[in-house]
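Positions in the sequence shown are counted from 1; adding 54 to them yields our numbering.
Ideal placement from N, C-alpha and C gives every residue a C-beta, glycine not left out.
Please read these numbers as outputs of a predicted model, since none were measured by experiment.
Have a look at the structure below before the remarks.
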Amino acid sequence: MFSFVYDSVIRGHHIYKEIWIPLLGEILSCEVEPGNIFDPYAVAIKRSCIYGDNATVGHVPRKISAVCCMFLRRGTINCNVTGARKHSTDLVQGGLEVPCTLTFTGMKQDIEKVKNLLECAPSVDYPLPVPAIKRSTSHISNF
Numbered sequence: 055m056f057s058f059v060y061d062s063v064i065r066g067h068h069i070y071k072e073i074w075i076p077l078l079g080e081i082l083s084c085e086v087e088p089g090n091i092f093d094p095y096a097v098a099i100k101r102s103c104i105y106g107d108n109a110t111v112g113h114v115p116r117k118i119s120a121v122c123c124m125f126l127r128r129g130t131i132n133c134n135v136t137g138a139r140k141h142s143t144d145l146v147q148g149g150l151e152v153p154c155t156l157t158f159t160g161m162k163q164d165i166e167k168v169k170n171l172l173e174c175a176p177s178v179d180y181p182l183p184v185p186a187i188k189r190s191t192s193h194i195s196n197f
């Protein structure tokens, strides 16, 4: 088995903050969440069974969820908390996020494929939509 570590974040902490306080170095698991209505490739990040509930505490970012979802068919992904929660720099999705590393473990060819796909993932910065400004011409006089 081979491994690859990728710097990422746990998305959606603003939703799960009542049930989970992130601990530096905490190891979490990743599982496909097929019933998610917001993302058909959603990958839930779950706390360990030592809490007794295996509860979802966040999700991998949508920009890499399809890659993670496909990888989980043949490999595993563990999540390691690396920092304190913060407000998202992703203006499209917003919310709170927790810095982490994702460790992909699987066959060599699968690891190579996920490395290549993650290099092609869109950047965190999305262009903001520019609203069309409707201008009134009734106040302009003819010279």
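Item	Value
Looking only at its chain, what residues have a beta carbon closer than 8 Å to the beta carbon of His68, apart from the 5 residues adjacent to it on each side?	Gly149, Leu150
Thinking just about the alpha-carbon of each residue, which of Ala98, Ser102, Asn90, Ile75 is nearest to the one in Gly112?	Ala98
For Leu78, does the three-state DSSP call read helix, strand or coil?	coil
Confirm, please, whether the CB-CB distance from Asp93 to Arg128 is below 7 Å.	no
Starting from the C-beta of Leu77, find all residues in its chain whose C-beta is less than 7 Å away, skip the five residues before and the five after it, and write them out in chain order.	Val135
Report the rounded CA-to-CA distance for Glu173 versus Val152, giving the unit in angstroms.	21 Å
Could you spell out the range, first to last residue, of the alpha helix (DSSP H) harbouring Ile165?	162 to 173
Please report the straight-line C-alpha distance between Asn108 and Lys100, rounded to a whole angstrom.	6 Å
When you compare only the Cα positions, how much space is there between Arg116 and Gly79?	23 Å
With DSSP collapsed to three states, give me the class of Lys71.	coil
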